[in-house]
Every structure is written in C-alpha cells, then in structure tokens.
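First residue of the sequence shown: 1, per my numbering; consecutive thereafter.
Ideal placement from N, C-alpha and C gives every residue a C-beta, glycine not left out.
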Amino acid sequence: MTITLILGLLGAIVPVYATGLLATPPQFQYKLDSSNPTGSGEVTIKNIGEETVNVTIEKKRMLKDDLHLELTDDGIADWITITSPTNFTLAPGQSAQVSFQITAPEKYDYNDAVGAIVANAVPQNTASKPGITVLQGIQLVIPIAVGLPGSIVNSMEITDHSAPQVLLSFIPCVFTYELNNNGTVYANVTGEIKLSGLLNSATVPIETGVYPGDNYTLQTNWTPGFFDFGFYSADTTLNYGRYQPDNTVKTHDTVLVIPVWLIIIIVVGVPILYLRRKGVEFPIKIKIQKK
C-alpha cells in the first residue's frame with residue numbers, strides 16, 4: 001500500500017512574524033510515499049526584537065477548529081526529530097538554524113498529519129520584585145504539513161462505575177467512575193452527584209480532567225449525616241470539554257442509607273423488650289417520690 005503525503009516548501013518568501021521573532025520559511029509541506037518516507041528541513045529563527053532572548057525549540061501536533069488552535073505531543077509529533085540544538089540564546093538581530101527530520105509511519109491517520117516546530121523565547125532581562133519574577137514569553141509556530149489539520153474532537157464516556165448499595169450515616173462512602181477520553185483533546189470535567197431522599201438531599205461537586213487516550217479512575221466521597229436515612233436516588237452528571245463544558249455524560253444509582261441511631265435503638269431496644277416480656281426484673285430501679 002502506498003502512502004501519499006505532500007513534500008514541498010510553501011511561503012519561502014513570505015515570512016511569519018511574532019513579537020520579537022521571525023521564521024523563514026514560515027511553513028513546510030511534504031509529499032512522501034512508502035519508498036521515500038523521510039523528509040528534512042531547516043528553518044531560520046531570527047531575533048527581531050530589542051532584547052536578548054533564551055529560545056527553546058519543541059515539536060508538536062496541531063489540532064484546530066473554527067475558533068481554537070491546539071498543540072499536543074502525540075500523532076505527528078512522534079514523527080518529527082529535531083536534529084539541531086533545542087536551547088540557545090539570540091541577541092538582537094542574531095539568527096539560528098533549526099534542523100529537523102520527519103519520517104511517516106507505514107500506516108497513519110491522515111488527520112494527524114499536521115505538526116509544527118514551536119519556538120518559545122523568554123527575554124533574559126525580566127521585570128522582577130523581591131520574591132516575584134515576571135516572565136513575558138514569545139511563542140512562534142512554524143507548521144509542518146503532511147496532511148490536513150486534525151479536528152478538535154471532544155469525546156468522553158463512562159465505561160464503568162460503582163456505587164455503594166448500603167450506607168451508614170457518619171461513615172464515608174466512595175463513588176467510582178471509569179472515564180475514557182476517546183477524543184483528541186484534554187477534557188476539563190466538572191459536575192456533581194445529586195442525592196435525593198424522602199426528607200433530605202445532598203450535592204457532591206466533581207472537578208477533574210482527562211487527557212486524550214487516557215483511562216481515568218475518578219473517585220469521590222459522600223458522608224451521610226444524622227438526618228439522612230432511607231432510599232436515595234444518586235444522579236451523576238459530568239460536563240466536559242476542552243474550552244466549554246458543553247458535552248454531558250450521566251449515570252443513575254439507588255442507595256440505601258441506614259442511620260446509626262436506628263441501629264442503636266434496635267440493638268438496645270429489642271433486648272429490653274424481650275426481657276420485659278420474659279418478666280426479667282432489672283437490677284436497677286428508679287423511684288420518684290413526691291413531697
């Protein structure tokens with residue numbers, strides 16, 4: 001099977017600007033096949049600002065939707081190898097060459113095939129106060145295209161969950177959820193467990209996050225109070241999304257809360273009633289006399 005990608009150089013004349021940094025060429029585009037799966041390139045990073053900066057070079061995968069750009073460490077980021085130093089210093093007007101190689105795997109997701117060389121620069125001289133350091137950084141993204149940009153997919157599911165069936169008041173119980181992020185971006189998760197009983201209710205807040213491709217175990221606790229007893233409906237709602245929590249997953253459970261005071265009444269009261277019916281006299285009597 002032949003894998004077709006794109007090889008060529010785009011925008012070699014039109015540079016990409018970021019505050020204080022300039023990249024030439026501004027982007028790369030490749031065409032590779034199974035007989036020639038490797039390409040290479042070199043980008044010149046120039047300091048066009050007025051301060052000396054420390055530069056760190058990274059390789060990333062690019063994802064995007066209509067509003068956002070996401071840089072991640074998976075997909076095409078694993079195909080890119082930076083062959084030049086990844087940390088250097090640039091004085092004003094000074095340039096450095098960043099070299100890289102890209103090798104496509106035999107099989108790949110076409111939507112994964114846009115990566116980037118990312119130059120992060122921090123001025124050497126930063127404003128500071130005693131105990132406080134303020135860093136004003138610069139980031140320049142140089143796209144490396146071997147396909148179409150991957151889309152931002154928010155997708156998470158509850159693959160399994162467990163809830164206690166019987167609870168005792170004042171004793172913490174654990175609700176457990178197995179979450180799988182089968183999307184392409186980090187999922188910020190917020191939500192709650194809403195417990196509704198005959199006479200009382202409670203809400204347990206939830207806040208966490210799940211990385212793409214990760215199977216995450218979420219555990220949260222609830223401790224029934226003095227007035228909690230009987231059957232409770234436990235409805236869990238998890239809202240998630242990379243930028244806005246506009247996706248939802250839900251679960252439902254029913255739990256029984258047995259109050260400790262009821263157990264004490266049963267443990268103490270039943271033997272007393274039994275002994276009274278048997279005519280057993282208690283060794284201690286309380287007699288009240290009126291004057």
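First and last residue of the uninterrupted beta strand (DSSP E) at residue i
i	result
isoleucine 152	First-last for isoleucine 152: undefined, no H or E at that position.
proline 212	Taken as a continuous stretch (DSSP letters only), proline 212 belongs to no beta strand (DSSP E), as it is neither H nor E.
lysine 250	247-258
asparagine 169	The question names asparagine, but residue 169 in the sequence shown is serine. Run containing serine 169: none; DSSP gives neither H nor E here.
alanine 145	138-145
Residue i versus residue j: straight-line alpha-carbon distance, rounded
i	j	result
asparagine 215	histidine 161	13 angstroms
arginine 277	tryptophan 261	24 angstroms
leucine 168	serine 201	15 angstroms
isoleucine 144	valine 122	23 angstroms
alanine 77	alanine 116	8 angstroms
valine 249	glycine 225	28 angstroms
leucine 5	leucine 32	With a pLDDT of only 36 at leucine 5, under the threshold of 50, the placement of this residue in the model should not be trusted, and no figure is reported.
tyrosine 240	valine 268	49 angstroms
isoleucine 45	threonine 83	15 angstroms
asparagine 247	asparagine 154	8 angstroms
leucine 273	aspartate 228	27 angstroms
isoleucine 80	glycine 39	10 angstroms
arginine 85	glycine 209	According to the sequence displayed, residue 85 carries proline and not arginine. Near 34 angstroms, if we compare the C-alpha coordinates of glycine 209 and proline 85.
Beta bridge counterpart(s) of residue i as assigned by DSSP
i	result
asparagine 221	Val174
glutamine 244	In the DSSP output, where bridge partners are listed per residue, glutamine 244 has none listed.
threonine 237	Glu192 and Lys250
threonine 203	Lys194
aspartate 160	Glu178
tyrosine 232	Val255
Nearest-angstrom Cβ-Cβ length linking residue i and residue j, presumed shorter than 8 angstroms
i	j	result
leucine 140	alanine 23	6 angstroms
phenylalanine 100	valine 55	In fact, because the Cβ distance is near 15 angstroms, the residues do not count as touching under 8 angstroms.
glycine 137	proline 92	Glycine 137 to proline 92, Cβ: 17 angstroms. No contact.
isoleucine 152	lysine 64	7 angstroms
phenylalanine 170	isoleucine 193	18 angstroms between Cβ atoms; not a contact.
asparagine 221	proline 172	5 angstroms
glycine 75	arginine 61	4 angstroms
Residue i Cβ short of 7 angstroms to the ligand SAM heavy atom set
i	result
glutamate 157	As far as ligands go, the structure on display features none, and thus does not contain the ligand SAM.
Quick one: complete beta strand (DSSP E) runs, 3+ long, within the region 39-120?
Entirely contained in the region 39-120, the beta strand (DSSP E) runs reaching 3 residues are, in chain order, 53-64, 69-72, 80-82, 87-90 and 95-103.
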